[in-house]
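Just below is one structure, and these are the notes that go with it.
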Amino acid sequence: PGTDLKVTGIDFLKSQNCQLHHTDAYNIKNLVVRRGQPFQLQVSFSRELKPTDKLALRFGIGKQPMKIRGTLMSLNPRRQQDFSEWQISIVKNSGKECLLSVTSSPSAPVGKYVLNVKTGTNIYKPENDAVYVLFNPWCEADVVFLADEAQRKEYVLNDTGCIYVGSASSIYNRPWNFGQFEEFVLDACMYLLDKSSLRLINRRDPAFVSRAMSALVNANDDNGVLLGNWSGNYRGGTSPTDWIGSVAILQQYYKTKKPVFYGQCWVFAGVLTTVMRCLGIPSRCVSNFNSAHDTDANLRVDIYVNEYGEKLNRLSIDSVWNFHVWNDVWMKRTDLPTGFDGWQAIDSTPQEQSQGVFRCGPSPVKAVREGDVYLPFDSKFVYAEVNADKVYWLVKKVNGKDKFTRISTQTQGIGVNISTKAVGQDKREDITAEYKFPEGSEEERKSMERASSFIHPSGMAPRARFASIMPMDGMGSKPQVLRETVSKSGLQLEITNTEALYPGSPLELAITVKTSTPGNWTINLSGSCQLQSYTGKVEANLGYVKETVKLEGKSETQVPLKIAADAYMKTLASVEDEVLIHVTTIAEVQETDDKFTKETTMRFDYPPITVQMPETAKLNQEFTCAFIFKNKLNVTLDNCKLRVEGLGIFKLTEFDEGDIEPGKIIKSEVICTPTRLGEKKMVAKLTSTQVKGVSAEKTITIIE
């Protein structure tokens, strides 16, 4: 009598399991485990468990879990497991308590599993019955296994970091809070997995999962997370430069299930890093400087300038972005021939459709380096971003039509200083060598030829937006590997600033012209200064210089290019993006008829934000953090907003600082109560009508 065995409770032993699975930071009630690694459950029964009792723990995933589909694992500790690769055993059985150990398959589909326990005919459904199963970089049998502990700490567990932006000659870092452990972020990722319409069997594979997420982080096809906007008008949303992390974006998306306005490439990359790290796929942000956006993948970007060296927006189909940010994710590629494991490039910025959807990757970084651009996915596109050549065309009006003359070709300017945050420290690591062989090396030549054989470069006619083109100056149409233009005069051009580039002050620029070969050289020089957004779009022409310079033998001269503050302050205030200073020079050596081009992009300099707080603080004890900014510029900064966020110490908050006149100091204080131990970061960003790029970060250690 009363021998019916019933379950009276389950303890998920959350604190011990989560610590062993490196999931203790997730802010969620449920148990979160990584696949292929044991976790324990304590089951309480109505009476002692006997050898004859029937007992099964059932883990189901998806809408209709079924054993036959491998989406329902029915685990019986008394019977050897069938086909599922999951394991269960009794660790200890004493009285009415039974301690069980469960190990999921190292290739289990990731996601949310629902647990119930069947004893005889009774089924017990626990409270918080969902168990989250993630990828496991600590497990050798998992395809995302990463051997190095310091790398796992950085690429999986670090919830703060920075993203490199600016331009090739002035790289700087934007602090970014990834926040993969914050409230609702894991649930948002689970929602995206469900939305992705990936078959459950494909959720085993990080290549499928990362490709699906690269599509879902942009809103273009599928009501994904973020809507891209490069128009310069961000009414009705948050300006891309205002964000300082992914948390607010993913939380808003999960709450509303509607795209968040607005993103640009570093925002997409920041959010995709959060999603990947959250799901357990090692990930890093990758910044490519002088990134080619080559629309028809012919490895050539055409740049059109007028006689003053000013770039012409109206003609360009292709563009060179000052920087572009995507992601690398770490995995074994079981779908490819050997040799392509490791880092894979994925990109969620909506640029080109891949198989009908705005997504990109995973493309093996090794395939990009070797020129094996036929390997999936989207390797041609990534290859072009880091390897295209630049061809400069001079455009003159002749009888009302555009006449194009090819000035020069540059084979080395694209895809430089490829950057990511270093492991375990706040430094820039240059990873160009992982994407490219050294410029000019034999391997580079072979890789280029290999890639070109798959890409079929077109001939050398200019590809402008308009068809009324006059005949070309001696252009063949057969494919060719382009050569760098070099000059008999040994001409070199350098563009520098002689004073700090503070908004509101004149821009003091200089073009240095050098020759190195014996002889008398007459050089026609034109140089122009423009303001441009990071995608290379010209926002304003600020001024130019046209001079003829005479040099003899090995010598040099400096030509100043000075731009008054009035020439650019209006544009700075009217454009909602952070703009860069762009100088293009054209030099023509009269004696040899050689033409050269050189361009440089620089960023403005800004006064700093100072963050004042103690070096250490105690858990759950208040401390004060102050943000101080002095306007050292000689213009008023209008409509200033200060945004601050510290994961585990302070929720994202915005302060309205009004207008800050020259010389004025603002100070804002926040009271913080730390909720998590360890090293934490406070991030601050100041934006105004004129200036967008002022940010700061500071670390604090939280102790018990």
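Just so you know, full-length UniProt numbering puts 217 at position 217 of the sequence shown, and the rest follows in order with no gaps. Just so it is clear, CB atoms sit at the ideal spot from N, CA and C, and this is done for glycine as well.
Any beta carbon of chain D sitting closer than 8 angstroms to that of Val579?
Any reference to chain D falls outside this structure, which holds one protein chain only.
Alpha carbons only, please: which of Pro503, Tyr124 and Leu677 is nearest the one belonging to Ile563?
Pro503
Whole-angstrom distance between Thr349 and Cys360, CA atom to CA atom
8 angstroms
If we ignore side chains and look at the alpha-carbon of each, how far apart do Leu226 and Lys554 end up?
In a straight line, the C-alpha of Leu226 is about 54 angstroms away from that of Lys554.
Determine the DSSP secondary structure at Gly658, reduced to helix, strand or coil.
strand
Below 8 angstroms on the Cβ atoms is my contact criterion, and I expect Lys664 with Ala626 to pass it. Report the Cβ-Cβ distance as a whole number of Å.
Not a contact, Cβ separation roughly 16 angstroms.
Proximity to Pro109 [Cα-Cα], best of Asp205, Glu183, Phe181 and Lys380
Asp205
Whole angstroms are fine: how far does the CA of Val691 sit from the CA of Val271?
24 angstroms
Does the Cβ of Ser223 have 16 or more other Cβ atoms within 10 Å, making it buried, or fewer, making it exposed?
With the sequence shown as reference, residue 223 is identified as Asn, and Ser is not the correct amino acid for it. Result: exposed.
Determine the contact status of Ser354 and Asp335, defining contact as a CB-CB distance below 8 angstroms.
no
Going by beta-carbon coordinates alone, are Asn639 and Thr689 separated by less than 8 angstroms?
yes
Length of the line joining the Cα atoms of Gln64 and Gly111
Gln64 and Gly111: Cα-Cα distance of roughly 14 angstroms.
What's the gap between the Cα of Val398 and the Cα of Thr405?
In a straight line, the C-alpha of Val398 is about 12 angstroms away from that of Thr405.
Check whether the Cβ atoms of Thr636 and Glu657 lie closer than 8 angstroms to each other.
no
Endpoints, alpha helix (DSSP H) assigned at Trp326:
Unbroken run through Trp326 is the beta strand (DSSP E), Ser319 to Met331; no alpha helix (DSSP H).
Run of the alpha helix (DSSP H) containing Trp176, from where it starts to where it stops
It is not in any alpha helix (DSSP H) - Trp176 instead sits in the beta strand (DSSP E) that spans Ser170 to Asn177.
Nearest CA to the CA of Arg300: which residue from Phe261, Asn288, Gly536 and Lys390?
Lys390
Per DSSP, which one or two residues make a beta bridge with Asn442?
It should be noted that the sequence gives Glu, not Asn, for residue 442. Per DSSP, none; premise fails for Glu442.
Using DSSP bridges, identify the partner residues of Gln410.
Beta-bridge pairing links Gln410 to Lys390.
Could you round the C-beta distance between Leu176 and Gly166 to whole angstroms and report it? I think they count as a contact, below 8 angstroms.
Correcting the residue identity first, residue 176 is Trp in this sequence and not Leu. About 15 angstroms separates the two Cβ atoms, so there is no contact after all.
Per DSSP, what kind of secondary structure is Pro240 in: helix, strand or coil?
helix
Taking the alpha-carbon of Val133 as reference, which of Leu561, Ile281 and Gly232 has the nearest alpha-carbon?
Ile281
Exposed unless 16 or more other CB atoms sit within 10 angstroms - verdict on Pro364:
buried
Assign Ser574 to buried or exposed, taking buried as 16 or more other Cβ atoms, counted over all protein chains shown, within 10 Å of its Cβ.
exposed
Are Leu72 and Ile88 close, meaning C-beta to C-beta below 8 angstroms?
no
Does DSSP classify Glu48 as helix, strand or coil?
coil
Give me the residue from Lys550, Val549, Leu531 and Thr548 with the minimum Cα distance to Leu542.
Leu531
Could you please give the first and the last residue of the uninterrupted beta strand (DSSP E) stretch that includes Tyr544?
That run of the beta strand (DSSP E) goes Val538 to Glu552.
Contacts around Thr616, its chain only, beta-carbon distance under 8 angstroms, and the 5 residues preceding and following it disregarded
Excluding sequence positions up to five before and after Thr616, its CB lies within less than 8 angstroms of the CB of Ile700, Thr701, Ile702 and Ile703, all in the same chain and listed in chain order.
Going along the chain, which residues of its own chain have a beta-carbon closer than 7 angstroms to the beta-carbon of Asp221, five neighbours each way excluded?
Ala215, Val357 and Phe358
Local conformation of Ser15 per DSSP, three classes:
helix
Are Leu572 and Val549 touching if we call contact CB-CB under 8 angstroms?
no
Just verifying my parser: in three-state terms, what is the DSSP assignment at Met276?
Note: Met276 maps to helix in three-state DSSP.
Contact set for Gln499: own chain, Cβ-Cβ below 7 angstroms, skip 5 residues either direction
The question names Gln, but residue 499 is Glu in the sequence shown. Cβ neighbours of Glu499 beyond the five flanking positions: Glu508.
Could you tell me the distance, in whole angstroms, from the CA atom of Pro479 to the CA atom of Phe655?
A caution first: Pro479 carries a pLDDT of 42, below 50, which makes its placement in the model too unreliable to give a value.
Rounded to whole angstroms, what's the CA-CA distance from Lys514 to Ser316? Just pull it up for me.
The straight-line gap from Cα to Cα measures roughly 30 angstroms.
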